Amino acid sequence: MNAFKREKKEEEDGGNPFQHLEKTSVLQEARTFNDTPVNPRKCAHILTKILYLLNQGEQLGTTEATEAFFAMTKLFQSRDVVLRRLVYLGIKELSSVAEDVIIVTSSLTKDMTGKEDMYRAAAIRALCTITDGAMLAAIERYMKQAIVDRSAGVSSAALVSTLHLTNVSGDVARRWANEAQEALNSDNVMVQYHALGVLYQARKTDKHAVIKLVAKLMRSSPKSPYAACMLIRMACKLIDEVDVDATEFLEFIESCIRHKSEMVVYEAAHALVNLGKSGTREIASAISVLQLFCGSPKPTLRYAAVQALNKVAMSHPAAVTACNLDLENLITDSNRSIATLAITTLLKTGAESSVDRLMKQIATFVSEISDEFKVVVVQAIRSLCQKYPRKHSVLMNFLSAMLRDEGGLEYKAAIVDTIIAVMESNHEAKESGLAHLCEFIEDCEHTSLAVRILHLLGQEGPTSKNPSRYIRFIYNRVILECASVRAAAVTALAHFAAACPVLLPNILVLLSRCQLDSDDEVRDRATYYCTILQENNENSSILPLVQPPQLSLPSLERALRNYINSSMQEDFDISQIPTAQTIEEPPPEVMTSVKPQALRLSREETFMESLSKVPELSAIIHNEILFKSSPVFELTESETEYNVKCIKHCFSDYLILQFDCLNTLPDQLLEDVRVSVETQDIYDVVCEIPCKRLPYNEPGSTYTVLKFPEDIHSTVISLPTTLRFIALDCNPATGMPESEQGYQDEYMLEDLEITLRDQVRGVGSARSLDFQSAWESAASRNFITHEQIFALGATVNTLELAINSLVSFLGLDPVDRSDRVKSDANQHTLMLAGVFRGGKELLARAKLALTEQVTMQFTVRSADPDVAELIISSVG
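Here our numbering = 1-based position in the sequence shown + 3.
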């Protein structure tokens, strides 16, 4: 060990002696391994350099690694303990790169079966690293002996290597399960832990075997705290994934709260508060234990306890309230991570009156904690704004102060996300939120955040109380920032010009200056916006140009290809193209990275791909655009012998009914499966595509294609359906039919509802649509208007219920967040926009009033009088 003692001068310097190593020189030094006799101290130092380079990510070529490996094998002649241990490490590191590593098998096997315990464990690990499927049989006997060895280190090494060898042969753990079972009775805590891991690996594919193993160990309760923790996790996995009676497992986990090991106690408490099936009693007992840990002298226990309480406060804040006094004592903890978690937990559970005091306490040390815990604070503030909207001013000011502190992109993005979320959920916070973001972009060093904020200013700024105040902040970006930020600023300015006619002349002057920009993207944008703003005077014609809908690119590409292949006598109808969807992820509790929303294939695009793969359907829809796909509709109960679900795919002229079927009878094989739809002479059945074969428990799909009737009013209807098939009796064990002849059978299904919502699609950009301009423009474009007054039923007794019911029934998108109602409001106007199949534009306005019941004045405007009348009659 003297070889690794550092010199006193080296300790004082605090430097890294391997900091400036070069791979070539180190590999040349490795030739020293061939010297006779071996110099253990010098060779150990060189081998340490090689291992350091490999762990720093240095890549060795195959030839380099092979030469170093073979030189290293010469070191087996030395009996130096330190050098031998380093050789084992070198074998493990180089085995994946070097060639012919199998040559050291005999040396490793000799060390593995020798009398020197200090070598044996490391030799086992190294040997299993180079073992392949062909070698496995040769070492199996030695491995089985090592698993039950009297030396705990050797036994643990063999058990851990068994888990690694499952990558070579999947049934290794199962073949060596008897030895692992014997090792499970060891007195050594690590051997018992590793043996349990091998037994679980051997049985994990058989849920009944796992249940039996867990039940047996729950009764005997393993002595090893590590094994007890693993057993708790296995029990939790069974509760979550397997349909079993959770009572026995929950009782075992709760009993572990009284274990003598603090590790097991915490694992049990953590499991109880995170299990979905835990009751109030189990959660209360877990929280009481975590409360005791909050007062522990050990920082690790205090941190673990407050972190668990912070998480459970999201779902059970009332249960955590009992710990508030203990949490307040942790605010002054010397460990700032513990203090941060304590305060954020109190923010989730405390009263509105305590918010100001807690925010002041956070402000005293927020600059001392890492970005990761600052993000925890930000997330707590985000939930607090939703809980106490009247405190938005205090919380937004605090967030603004945090924005001015030093921090990375993830941390700053989390704050910006929170400010935007607060603005969206609380309209009163909009003005202050925009002001804080404007101040931030003055010194923002992150391009992606600056672009995002500029986009937000372009969307929200024109509808603020004083839009002109934001122009200076935006134009400063044109003067001072990089090209991508300048381009975003030009677009934001165009949004203001389009939405605020008063500002148009001044903004045109600013945009004309941008036409001289050094970047071609900025110049092109400025020229484009100047042209359309100068040529168009009406907002209704300007706005779609500066706020184009985010169309689905795959659907647009398919539609353009079909249009090119057609005669092209008619204009291309872009209204048929569905809008792109975005991934909206809920904010995580601890946000380690913040990613912008990414475009993905919409649900309709995914279905279109699968429908196009059916030859019979491809011939019908090859020139069509899928307008909308409905949610899944159950036509049977879940426990019946045949399960049938329906998805309605609506095209301009056709309705494709996709029936997903499942046969739950093991003694039957179904053939020629189809769903018969009684159309009542209203719809025309174009074709039926049966599922040729439906074995037990294997899903299959059958399709029915209907053509819409010319009379739009008759499209909303309820149609009886029947499942028809040929049934063949079969052997449940093999699934093979007992005879070639089957018999015709049928099964009655629920009626299929074809609704108005199936034929209407919301407009993806409805949130940013200027509804008033579009509404007035619709009147000037000879849209048909239908209006009627309704008294809603007794069950719809609030404005929120009325809005949710109307939006859900019609399938239109709310405009300008008009689906949000103030808590004390008695009147509200809901604005809706969408498209009926065939590209027929729809606008609707519902004026709601709440007295003893909800009264609604409902107005619809559409270019098609039949569509407008259908909407009104359906609501009635």
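Every residue gets a Cβ at the ideal spot worked out from N, C-alpha and C, and that includes glycine.
From a predicted model like this one, the values you see are computed outputs, not experimental measurements.
With a threshold of 16 other beta carbon atoms within 10 Å, Glu-270 meets it and is buried. No residue range can be given for Ser-98, since it is assigned to no beta strand (DSSP E) and is classified by DSSP as neither H nor E. Secondary structure of Glu-409 (DSSP, three-state): coil. In terms of Cβ geometry, Ala-453 and Glu-484 form a close pair [threshold 8 angstroms].
In the three-state reduction of the DSSP assignment, Cys-653 falls in the strand class. Phe-839 is bridged by DSSP to Val-763 and Lys-843. His-273 and Ala-160 have their C-alpha atoms spaced approximately 30 angstroms apart. DSSP places Asp-732 in the strand class (E or B) of the three-state scheme.
Relative to the Cα of Glu-265, the nearest Cα in the group Ala-231, Gly-136, Leu-24 and Cys-733 belongs to Ala-231. In this structure, DSSP gives Ile-628 a state outside helix and strand, which the three-state scheme calls coil. Residue environment: Met-751 is assigned as exposed (fewer than 16 neighbouring CB atoms within 10 Å of its CB, all protein chains considered). A direct Cα-Cα distance of roughly 10 angstroms separates Asp-754 from Ile-720. Unbroken alpha helix (DSSP H) stretches of 4 residues or longer found wholly inside the region 45-79: 65-76, given in chain order. Secondary structure at Gln-518: coil, using DSSP grouped into helix, strand and coil. Considered as a whole, the region 208-279 harbours 210-223, 228-244, 250-258 and 265-277 as its complete alpha helix (DSSP H) runs of no fewer than 4 residues, in chain order.
Residue state for Asn-666 is assigned as strand, using DSSP reduced to three classes. Taking C-alpha positions only, Arg-864 is separated from Met-405 by approximately 48 angstroms. By the Cβ rule, the region 787-799 does not count as touching the region 818-826, because fewer than three pairs are nearer than 8 angstroms. About 11 angstroms separates the CB atoms of Ala-71 and Asn-37; that is not less than 8 angstroms, and the two are not in contact. When the alpha-carbon of Arg-34 is set against those of Glu-607, Ala-325, Gln-683 and Ala-68, the nearest one is in Ala-68. Close CB contacts of His-831 within its chain, under the 7 angstroms cut and outside five residues either way in sequence, are with Leu-802, Val-824 and Leu-851 (chain order). By the Cβ rule, the region 442-451 counts as touching the region 410-421, because three or more pairs are nearer than 8 angstroms.
Taking Gly-156 as the centre and dropping the five residues before and after it, the same chain places the C-beta of Ala-124 closer than 6 angstroms to its C-beta, in chain order. The region 389-402 makes contact with the region 422-430: 3 or more CB pairs, one atom from each, lie closer than 8 angstroms. Around the beta carbon of Thr-165, 16 or more other beta carbons lie within 10 angstroms, which makes this residue buried. By the CB criterion at 8 angstroms, Leu-437 and Gly-461 fall outside the cutoff. Going by DSSP, Val-676 is part of the beta strand (DSSP E) stretching over 671-680. Residues of the same chain with a CB within less than 8 angstroms of the CB of His-262, apart from the 5 flanking positions on each side, are Pro-228, Ala-231, Val-268 and Ala-271 in chain order.
Secondary structure of Leu-459 (DSSP, three-state): helix.
With respect to the C-alpha of Val-194, the residue from Ala-212, Val-151, Cys-259 and Lys-616 having the closest C-alpha is Val-151.
Per DSSP, the continuous beta strand (DSSP E) segment holding Gly-703 begins and ends at 703-710. One Cα belongs to Val-247, the other to Gln-382, and the distance between them is close to 36 angstroms. Per DSSP, Ser-776 lies in no beta strand (DSSP E) segment; the continuous alpha helix (DSSP H) that holds it begins and ends at 774-783. Judged by DSSP secondary structure, Cys-131 falls within the alpha helix (DSSP H) whose first and last residues are 120-133. DSSP places Tyr-473 outside any beta strand (DSSP E), giving it a letter other than H or E.
Take the alpha-carbon of Thr-718 and the one of Lys-695: they are about 30 angstroms apart.
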